[in-house]
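Residue numbers (my numbering), protein chains in the order written: chain A, -16 to 322; chain B, -7 to 385; chain C, -8 to 288. Glycine included, every Cβ here is placed at the ideal spot set by N, Cα and C. Please read the structure below before turning to the comments.
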Amino acid sequence: MSSTETSTGDTPAHEPSPHAPQGAGSQRHLVQPLRVAADGVHHASGAERVAGMEPPPQARVSHMQRHLGWMGKPLYYATLIFGAAMMVVPFLWMFSTSLKVESDVFQFPPEWLPDPARPENYPDALTIAPFARYLANSAFVTITDTVFSLTVCAMAGYAFARFHFRFRNTIFIAVLATMMVPVHVELIPQFILMRGLGWIDTFQALIVPSIFWPFGIFLLRQFFMTVPKELEDAARMDGAGHLRILFGLMVPLSLPAMAALGIFKFMFTWNSLIAPLIFLTSREKFTVTLGLATFQGQYETQWALLMAATVVALVPIITVFLIGQRYFIQGVALSGLKR
Amino acid sequence: MTRGESAGVRYRGVSKWYGDVHAVKEIDLDVADGEFLVLVGPSGCGKSTLLRMTAGLEDISGGTLELGGQVVNDVDAAQRDVAMVFQSYALYPHRTVRGNLAYALRLRRMPKQEIAARVDAVAEMLDIQELLDRRPGQLSGGQAQRVALGRAIIRQPTVFLMDEPLSNLDAKLRVQMRAELIRLHREVQTTTVFVTHDQVEAMTMGHRIAVLDHGVLQQVGPPRDVYERPANLFVAGFLGAPPMNLVEAELISDGGVSHVRADGVWAPVPPAVEAGLDQVHRGRTERTVALGVRPEQLEVVASDTAGQQPDDAATGDVIIQGTVDVVELLGGESYLHIITGTQRFTAKVPSSMSFDPGARITLRANSDAAHYFDLESGIRLDSALDRPALGAV
Amino acid sequence: MKARLASMRWGRRRTLVAIGLLAIPLAGVLVFRIMPAIASFALSFTEWNLIAPPEFVGLSNFEELVGDPTFWQALWNTIYYVGGAVPGIVGVSLALALILNRGIRGIKIFRTVYFLPVVSSMVAVGIMWRWMFNAQYGLVNAGLGFLGIEPINWLGSQTWAMPALIVVTVWREIGFYMIIFLAALQGVPRHLVEAARLDGAGPWQRFWGVTFPMISPVTFFVSIMAMINTFQAFEYMYVMTEGGPRDSTLTLVYYLYLQGFEYFRTGYASAIALVLFTIILVITIVQWKIGERRVVY
């Protein structure tokens, strides 16, 4: 039958969105009998046409859809595969170039398979610039930032969600208001601040300002507000203090939100260019994005080497993504639905 | 499972204010050690607030609360050594059943072996051994209910607090769990305060019931006493299904038998009621009271009794004459809805009797089935002399 | 009376806990977010090269801005970039989501592939695409040559540099927005679509009559989000074109960066920042106003 019917069974089941875990199953049950029904109508319509009767409107629709479904499906796949190729080709091309001898790079029309292959581009790139160091720096900055940021957001989100105190709403709105201020607007004063603190060319300069994340506070507050009050009461009766309620109950129950935030933070900090560009001066402190940008400044046209360096910079984050993709995708979906 | 230390609960003038709203009004109540007390009342009557104050989840605005003789107003919930079963069960969704049971003990840094032993004992007691490794999401309502009970029992607290724990179960399970709770209480004998809005639960479960309305304690006593001698109009109307028939009637003392009379209704008034009315109505002239008769106490004397006057029946019984309006057949019995002029009555009669709507009918009840209340204060008149204060807030 | 006092005591205890929880987060937000925002505003009325003491100059930065052709160029470039990238992102990602929502086999693989660029840093993506767009040896021109199109000097041409950056932007972002659309589409109640089908609506009518109205709030939200993000474009320009050729890809943030951190004219850069802030603020307010009217179904 037509495409829409099969779709209902498949799509939701693949990705149990955190909000509608039961929806998928029940929809599937609903759909099966419907499909049978539609089929029945179709056969009946054939019989009616033989008998010289006008087929009922439903039959016409289902017939048309059947037609479109046959036409549509391959078209969909063709579009998707073409799109997917557009997504992958630049990566493959980069990888291919990274294995070429520098002189082979300049061939037109381009060749896909490096011949001869020169894997030495990788050790070369890694020795010319300390990419291992850059990666370690990025890892340190990103992980520290993510962990502290989630902690701070959870604490503030909990306070805003569950405590009553004077000026609570005013303070909360003030925090929200900072969400509207683009990071770039704050760059110069932040630079001056860091200079005043003596934090220029330190990791603190990258980590500390980034920890305080209004969106994170906002999202966690929204999530914490949905945790039933009785659960908190139960934990209190069981002897849990506020911090234990926060980290032993609220946080585990808001895991989808925590994961989403953590992933956003991770991606954002890992990929950030402007903060390292402004705050870091010595090469051994560079993060991998800044290191790569600087590297390209020096080896602008040595494409094989440059592509090798880019691959090196991309491999860790892509690996993290492939391992945790479920959370990445859930996180993004969540951020769209939650506002 | 061994029984923990149990303790009584004593409320002395306990109040709760929310801003200017007086939600719980100076409750004085003693719950004896080992007693099963049911707090009952309509929603919003303050019973849950009172329970949460007992638990330490709400602060006490006024008065004192004692647990086992100690004033605990300022003691944190965790330190009160009371356990609570919540209406929604409030099981931790991210922990297994075992984890839920063990959590409180782990927080108290109990040795692992002892925790395991207690978990096993409680699981056996509640017959949930095979559920221990499941998560709450995989449990049925009844199973979750048992786990919630287990989480309270395992701590061996001095007091159990239960906040409408059965209201989320379907009717059949509720009956079953009711019996089970009674059995459990017999086993552990821990003081229990049980909150419900369901009067069947109230009647069947408690040693005593305490009826609450608008934050005021209306009556406390064994279920039978409260049912048979409701202290005021509210309690009379609240307990019993179908509810007590309550009608406005005028008291007539013309030298003969004092009685009340309303459209189609005649009932004798004992001297204690009259004395009570005089006490309550000091200085007032009108003699109107509320007459109450429970539906199951009415019996059919004669169907099709057109023409007779109720006051002819000088038998000393309560007599009601009217027209059959609706008959509800419930199986073994029927509810008979009767109209007498301006009043409506319900009678519970054997379903073997059949009636036609519109038929004239006469009902009677023993004189001691009549309850009399003051219309204004709601006080039960025959006890107005000994307890004038109650209900007259 | 005594009753009220007791409850205040308890209330204060909870307030203390709240203060404890909020102290660090609020101090941080204040020092690192709110204060810089205010300082940025204040700085725009000064002249300061970070060495000599700052000097109050009133509105002269803004006067200079009005007369600065490079600023206008940057503003125009930014609008061009946003105007090109946002419809591209929204259109393509919505189309992909609609197709993926039709019960495609291998949806997981497609999702992964389309999401790959999202996790890749803009710097890496920029470098990768600089090579793709290489005038003589780039794959893009090779592909176009296949179709009989003459090679284009993408990044070296004032005409083509910005479209090239728009292509890269759309390429990287669609996976992200596609996932949001997909989530929204899965939230469209199935029974509505089925009902429309029984009423005789074809696939096209079902989309415009049922599905689209249901996801239009998300479309709106996604457009705004994409707009706010693209307005702050910097990385591709930094990595791929350095704002050139001849300022044809110079954006507001890039200009801000140049003035602030290359020429050390912090006051002037702050004035640019204020313009950027105003634009984003206006978009946000428009979002609220419109959002209030039409979001809920």
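When the Cα atoms are used, A:Tyr117 and C:Glu233 turn out to be separated by approximately 23 Å. Taking the C-beta atoms as reference points, B:Val139 is found no nearer than 9 Å to B:Val30.
For B:Ile330 against B:Leu209, the beta-carbon gap comes to about 34 Å, at or over 8 Å, which does not count as contact.
Of the other Cβ atoms in all chains shown, 16 or more fall within 10 Å of the Cβ of C:Ile165; this residue is therefore buried. In the three-state DSSP reduction, C:Gln250 falls in the helix class (H, G or I).
The C-beta distance from A:Phe201 to A:Ser237 rounds to 13 Å, too long to meet the 8 Å contact threshold.
Cβ neighbours of A:Tyr141 within its own chain (closer than 7 Å, five residues either side excluded): Phe207, Leu229, Met233. Interface flag for A:Leu229 against chain C is set, since a Cβ pair is found closer than 9 Å. In this structure, DSSP gives B:Val185 an extended state, which the three-state scheme calls strand.
Secondary structure of B:Ala109 (DSSP, three-state): helix. Against chain A, a Cβ distance below 8 Å from C:Tyr105 picks out Gly66, Ala67, Met70.
Taking a C-beta cut-off of 9 Å against chain A, the contacting residues of the stretch 216 to 233 of chain C are Met216, Ile219, Phe222, Gln223, Phe225, Glu226, Tyr229, Val230, listed in chain order. Counted as a single uninterrupted DSSP element, the beta strand (DSSP E) harbouring B:Val341 occupies residues 335 to 342. Annotation for A:Tyr105: the continuous alpha helix (DSSP H) segment containing it runs 104 to 111.
By the Cβ test, the stretch 27 to 42 of chain B is not in contact with the stretch 301 to 311 of chain A, since fewer than three Cβ pairs between them sit closer than 8 Å. Per DSSP, B:Met154 is one residue of the beta strand (DSSP E) stretching across 151 to 155.
In this structure C:Pro60 is exposed. Its beta-carbon is surrounded by fewer than 16 other beta-carbon atoms within 10 angstroms. The residues Met153, Leu156, Ile157, Thr221, Ala224, Thr242, in chain order, have a CB closer than 7 Å to that of C:Tyr72 in the same chain once the five nearest residues on each side in sequence are set aside. Using a 10 angstroms sphere on the CB of B:Tyr95, the tally of other CB atoms reaches 16 or more, which defines it as buried. Within the stretch 102 to 167 of chain C, no run of beta strand (DSSP E) at least 3 residues long lies entirely inside it. Separation of C:Pro142 and C:Gly129 (C-alpha to C-alpha, rounded to the nearest whole angstrom) is 9 Å. A straight-line Cα-Cα distance of about 46 Å links C:Leu66 and C:Ala187. Beta-bridge analysis with DSSP links B:Thr280 to B:Glu242. For A:Lys248, the uninterrupted alpha helix (DSSP H) run begins and ends at 238 to 254, by DSSP. Taking 9 Å as the CB threshold, C:Ala186 stays off the interface with chain A. Residues of chain A with a Cβ closer than 8 Å to the Cβ of C:Ile157 do not exist, since the nearest Cβ in that chain sits about 15 Å away.
Under the DSSP assignment, B:Ile145 falls in the alpha helix (DSSP H) whose first and last residues are 133 to 145.
Contact annotation: B:Phe365 and B:Leu238 have beta-carbon atoms nearer than 9 Å.
Between the stretch 276 to 296 of chain A and the stretch 84 to 93 of chain C, the count of Cβ pairs shorter than 8 Å is below three; the stretches do not touch.
Shown here is that no member of the stretch 48 to 66 of chain C has a Cβ falling below 9 Å from a Cβ of chain A.
When DSSP states are grouped into helix, strand and coil, A:Val210 belongs to the coil group.
Chain order gives the chain C residues near A:Ala316 as Ile170, Ile171, Leu173, Ala174, Ala175, Gln177, where near means a beta carbon separation below 9 Å.
Of all alpha-carbon atoms in A:Leu133, A:Phe74, A:Leu275, the one lying nearest the alpha-carbon of A:Leu109 is that of A:Leu275. Against chain C, a Cβ distance below 7 Å from A:Met208 picks out nothing, because the smallest value is about 15 Å. Taking a cut-off of 8 Å on C-beta distances, the stretch 181 to 198 of chain B touches the stretch 40 to 47 of chain B, as three or more cross pairs fall below it. For B:Gln211, the three-state secondary structure derived from DSSP is strand.
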